[in-house]
Amino acid sequence: MPSDVVLKNARLVIGDEVVNGTLSISKGRIVGIDSGATSVTNAIDFEGDYLMPGMVEVHTDNFERHLMPRPKVSWSEVPALISHDAEIASAGITTVFDALGVGEADADTVRGRSWKRVLAALDACTEEQLLRADHHLHVRCELPAPNTVELFEPFHGHPRLSLISLMDHTPGQRQWEDIEKARVYFTGRKGWSHDKFDDKVRQAPAMQAQYSGPHREYFVDYCRDHGIHLASHDDTTVDHVLQAHAEGASMSEFPTTVMAAQTAHERGLLTVMGGPNVVRGGSHSGNVAASDLARLGLLDILSSDYVPASLLGGMMRLVDDEILTMPRAVALVTNNPARATGLTDRGMLGIGLRADLVRLRVTKVRGHENQGFVRTVWREGKQVV
932 MPSDVVLKNA RLVIGDEVVN GTLSISKGRI VGIDSGATSV TNAIDFEGDY LMPGMVEVHT
992 DNFERHLMPR PKVSWSEVPA LISHDAEIAS AGITTVFDAL GVGEADADTV RGRSWKRVLA
1052 ALDACTEEQL LRADHHLHVR CELPAPNTVE LFEPFHGHPR LSLISLMDHT PGQRQWEDIE
1112 KARVYFTGRK GWSHDKFDDK VRQAPAMQAQ YSGPHREYFV DYCRDHGIHL ASHDDTTVDH
1172 VLQAHAEGAS MSEFPTTVMA AQTAHERGLL TVMGGPNVVR GGSHSGNVAA SDLARLGLLD
1232 ILSSDYVPAS LLGGMMRLVD DEILTMPRAV ALVTNNPARA TGLTDRGMLG IGLRADLVRL
1292 RVTKVRGHEN QGFVRTVWRE GKQVV
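Under my numbering, the first residue of the sequence shown is numbered 932, with each subsequent residue one higher.
Below you can see the structure in the form of structure tokens.
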């Protein structure tokens, strides 16, 4: 098949190996992969840079950050989306699951409001072909909040929705077992006063007792009835994982203990950990380090969480620390998340797959460890960065 674009002199990350060679693209698909040189005169010379699949991001809070860059400061939907999309694509992410939270008693927060205008902006910008990445929806459902089901209504039946995660951020358990670390987060990131935080902590057990059970049942049934992938969130104990497994979850996002991650693997749930956790060398909440799970063979997927560039940064850190090989680290951000979300047409370099590609240069910056630099990004064969 004739090629639209030929990429030569590249280090192709294919399966479990890195091969020097050439890749050809036609009509948005990969049509040729060859080792060695090519005689094509107008091929793009990679100069020995890596060629890897475009990254697949299953959980990023970045869109929310653009919609509310400071506590109680709202940003217009379309400019927020365009900025978020550009940041995602420039980080080498070609497929993104925008993680939007529903359920929050405080209407001054982004998760306490309706998402109708945001979804309308996403649809409009897609129709106008303004977006560089392929956007999907990951709805994060805060189970103890009284308005979670109500705020989920705009997502009901939405064609972009393919992942739902069940969250419970009640202070004193799961992610926030350490109340003082929770205080630092909520007073700093969300702008709460200490009195407001203390009031929320006092109210939390009653809210959890009243709403968590019914809301959990609602969303588990919704996922089962609509074929939506289900993820648990911040599993800490064996019982947390066993419950998620019984409900049909396929992923355990950000398990907080080795025990929870081990149980997830034993039950066939894929573990998702944050890139910032890897880059920083540990969890900001004081929970298990993602690198430790990787050493134990318990890490399946990396998520950029709240820093898009951490997807590449975390991948490179795992390679530099000799925890994973380059192909295995690449799989954490490409093939594994693609398969976990049912996207069988991407995530690997293979004939017939989407030409979602990243040109990656790895170099040592003076005084720092190896850094990965995204030089070019293609989505379905079209250069977007």
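No residue lacks a Cβ here, since even glycine has one placed at the ideal position from N, Cα and C.
- Message: Nearest by alpha-carbon distance to L1255: which of V1209, V1080, R996 is it?
- Response: V1209
- Query: Which parts of the segment 1019-1054 are runs of the beta strand (DSSP E), unbroken and 3 residues or longer, counting only runs that do not cross its ends?
  - Reply: 1024-1033
- Message: One question on the structure: do S1014 and V1316 come within less than 8 Å of each other, judged by their Cβ atoms?
- Response: no
- Task: Assign A1137 to buried or exposed, taking buried as 16 or more other Cβ atoms, counted over all protein chains shown, within 10 Å of its Cβ.
- Result: exposed
- Message: Please state the DSSP three-state secondary structure of L1097.
- Response: strand
- Residue range of the beta strand (DSSP E) that includes Q1302: 1301-1310
- Query: Do E1008 and A1052 have their C-beta atoms closer together than 8 Å?
  - Reply: yes
- Task: Could you spell out the range, first to last residue, of the alpha helix (DSSP H) harbouring L998?
- Result: 993-998
- Query: Nearest-angstrom Cα distance between W1309 and A1240?
  - Reply: 17 Å
- Query: Would you say E1081 and V1027 are within 8 Å of each other, going by their C-beta atoms?
  - Reply: no
- Query: P1186 CB to nearest chain C CB: under 8 Å?
  - Reply: Absent from the structure is chain C; it holds one protein chain and no more.
- Is the segment 1038-1047 touching the segment 992-1002 in the sense that three or more CB pairs, one from each, lie closer than 8 Å? yes
- Message: In this structure, how does DSSP classify V944 when only helix, strand and coil are distinguished?
- Response: strand
- Report the three-state DSSP secondary structure of H1069 (helix, strand or coil). strand
- Message: According to DSSP, is Y981 part of a helix, a strand, or is it coil?
- Response: strand
- Secondary structure of M1190, DSSP reduced to three states: helix
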